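Chemist: Attaching a single structure in structure tokens format; questions to follow.
Here it is in structure tokens:
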């Protein structure tokens, strides 16, 4: 009886640990992705100042897509509880 309760408690704890790891990895991945987009966009804007508006628009769209994927990963991680 006690061992079954301990196993159930351990499983619940591991589930919450997994959710924490999943959310953390999603946040780290989104941060790295957006950081790279920003850095590369700044390099491109410095090299070709005549296309700044086009680069900026594409940068915002790519950042929004990354944020969407990160939000999806966080929702999936919370659904795994």
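Residue numbers (this note's numbering): 1 to 81.
Cβ coordinates follow ideal geometry from the N, Cα and C atoms, glycine included.
Computed from a predicted model, the values in this text were never measured in an experiment.
Where does residue 48 sit, in a helix, a strand or coil, going by DSSP?
Modeler: Residue state, collapsed to three classes: coil.
Chemist: Relative to the C-alpha of residue 73, which residue among 18, 48, 39 and 54 is closest?
Modeler: 18
Chemist: Ordered along the chain, which non-local residues of its own chain (more than five positions away) have a Cβ less than 7 Å from that of residue 52?
Modeler: Excluding residues within five positions, the ones whose Cβ falls inside 7 Å are 45.
Chemist: Considering Cα atoms alone, identify which of 15, 48 and 36 is closest to residue 77.
Modeler: 15
Chemist: For residue 40, which of 58, 9, 69 and 27 has the nearest alpha-carbon?
Modeler: For the options 58, 9, 69 and 27, the alpha carbon positioned closest to that of residue 40 is the one of 58.
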